[in-house]
Each structure stands twice: as structure tokens, then as C-alpha cells.
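**Q** Residue numbers (the numbering used here): 19 to 240.
My questions all concern the structure below.
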């Protein structure tokens, strides 16, 4: 479904007219979120290049980004019993703009996150550490909700962006778990959930063992 189709679908729902009386204001807001992602990605890429110069390696494997679809935005506001309007989106949703940073090792996650947090033009709205405190299903990731200044033609605007930090193993597990979680009519659901949690523990153990190997190699090179 194209963005135009999604907007038309929302126009035919019970959403207040304030949000979709015309598509242009909504598109403008989504463009602002896209620009906020660009700002955050640039900051992260700069840190990655600087890290490469100082330590002869890149802590970041890949950077992915996405903007929530119009349908997902409206559905989330409705689930929370919040008004569906442009103002409500900005006030109540912190994950419209999302960036996922895939790092090589767990300690790289904390190093890059620390450097991001230390930048004086960024405000940390919320921090959730699901690596030290995994979710019950085994999910691990470090989440930061950032508020970053973006300069538009009419002036500066503070925009919220959610950044998720994962290792390659964490991202692999989360992607597969997400696919399996949306399967319906699964038999032995409890058994499967337990197996997924065990896999999450295994991948976490592998992460730290690989990190120890990397550290030993670094020590030998020194």
C-alpha cells in the first residue's frame, strides 16, 4: 500500500478532521520527522568515522531508519485513547521517527550511546536498557528517546527520535521473534516462548564471548 493509499484509508476512518482535513499538513510533519532522522544519522555516522580513526575499527555495522506509517500512527493513538491530531502525534508519540543502530559488540553500544548522550544539543527524554534488564520474552536492546533541534525555513524545531541500539545477534533474534509472534493459532505457545527466551540467552552469551575474544586480540596487538 502506498503512502497515498494509507492517507486515503485514514480519511475514511473516524479520525478527527483536524488530522486529515488535508494531507499536506500531515505530510509536512512526516517530512520534519524524516529530517530529524537525518540529523541523528549524521551525528552517529560522524562518531563512527571518528572512532575508526582513533581505534582502527568501526563500532557500528549498519544504521537503519523508518517513519511510522499513517495507519500505524492512528492505530497507536486510538489504542491509547488519545486524540488523533497533528498536535497529539507530536505530544504523545515518541517513536514516529526511528533509528536502529546495529553494533558489533555490547560495549560498543554503550560507548556510542554515551557519546550521543554527551552532545550538548541533544536532550535525553527517556532511556530504557533492555540489555541489562531484558523483557520477559528475552528481547534485548538499548532504547534512547532523543530530542534534537532541526533547522527549517521558519526556524528551529525540537523533534523526538527513538534510537534503538542492538548487536547483530540481538537484531537477528528480534527480527525472527517478531515474525513468529505474529503467527496465529500456534500450538504449544508456552513451550515456543520458553524456547525463544533460551535462544535469547544463548545469543547474549555469544555476544559477550565474542567481545572477550576481541578484547584479547586487541591486547595482543598492543
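For every residue, glycine included, the Cβ atom is placed at its ideal position computed from N, Cα and C.
If distances are taken between C-alpha atoms only, which option among 164, 65, 173, 186 comes closest to residue 179?
**A** Per the Cα distances, 164.
**Q** Apart from the five residues on each side of it in sequence, which residues of its chain come closer than 6 Å, Cβ to Cβ, to residue 152?
**A** The answer, listed in chain order, is 158.
**Q** Pull up the CB-CB distance for residue 130 and residue 83, whole angstroms please, since I reckon it's below 8 Å.
**A** Going by Cβ atoms, the distance from residue 130 to residue 83 rounds to 16 Å, so no, they are not a contact pair.
**Q** Which residue or residues does DSSP assign as beta-bridge partners of residue 167?
**A** Answer by DSSP bridge pairing, in chain order: 176.
**Q** Please report the distance separating the alpha-carbon of residue 66 from that of residue 56.
**A** For residue 66 and residue 56, the distance between alpha carbons rounds to 15 Å.
**Q** Consult DSSP for residue 130 and reduce its assignment to one of helix, strand or coil.
**A** Note: residue 130 maps to helix in three-state DSSP.
**Q** From 198, 90, 186, 54, pick the residue whose C-alpha is nearest to that of residue 155; which is it?
**A** Ranking 198, 90, 186, 54 by Cα distance to residue 155 puts 198 first.
**Q** At the level of alpha carbons, what is the spacing between residue 143 and residue 166?
**A** Cα-Cα distance, rounded: 10 Å.
**Q** Whole angstroms are fine: how far does the CA of residue 209 sit from the CA of residue 216?
**A** Taking the straight line joining both Cα atoms gives about 11 Å.
**Q** Tell me the residue span of the alpha helix (DSSP H) that contains residue 145.
**A** Segment 141-147 is the beta strand (DSSP E) holding residue 145; no alpha helix (DSSP H) there.
**Q** Nearest by alpha-carbon distance to residue 219: which of 64, 188, 228, 61 is it?
**A** Here the closest residue by C-alpha is 188.
**Q** Alpha helix (DSSP H) containing residue 64: first to last residue?
**A** That run of the alpha helix (DSSP H) goes 41-73.
**Q** Is any heavy atom in the ligand FMN found nearer than 7 Å to the beta carbon of residue 213?
**A** With respect to the ligand FMN, the structure offers nothing, as it holds no ligand at all.
**Q** Hey, could you find the ends of the beta strand (DSSP E) residue 98 is sitting in?
**A** That residue, residue 98, is in no beta strand (DSSP E); it is neither H nor E in DSSP.
**Q** Does the Cβ of residue 149 have 16 or more other Cβ atoms within 10 Å, making it buried, or fewer, making it exposed?
**A** Buried, by the Cβ-count rule.
**Q** Nearest to residue 190 by alpha carbon, out of 222, 181, 174, 105?
**A** That would be 222, whose Cα lies nearest to the Cα of residue 190.
**Q** Helix, strand or coil: which one does DSSP assign to residue 214?
**A** Three-state result, residue 214: helix.
**Q** Going by DSSP, name the residue or residues bridged to residue 117.
**A** In DSSP, residue 117 forms a bridge with 83, 181.
**Q** Under 8 Å, do residue 145 and residue 162 count as touching if we go by C-beta distance?
**A** A contact, by the Cβ cut-off of 8 Å.
**Q** Indicate the three-state DSSP secondary structure (helix, strand or coil) for residue 104 in the structure shown.
**A** Here residue 104 sits in helix by DSSP.
**Q** Helix, strand or coil for residue 194, going by three-state DSSP, please let me know.
**A** Here residue 194 sits in helix by DSSP.
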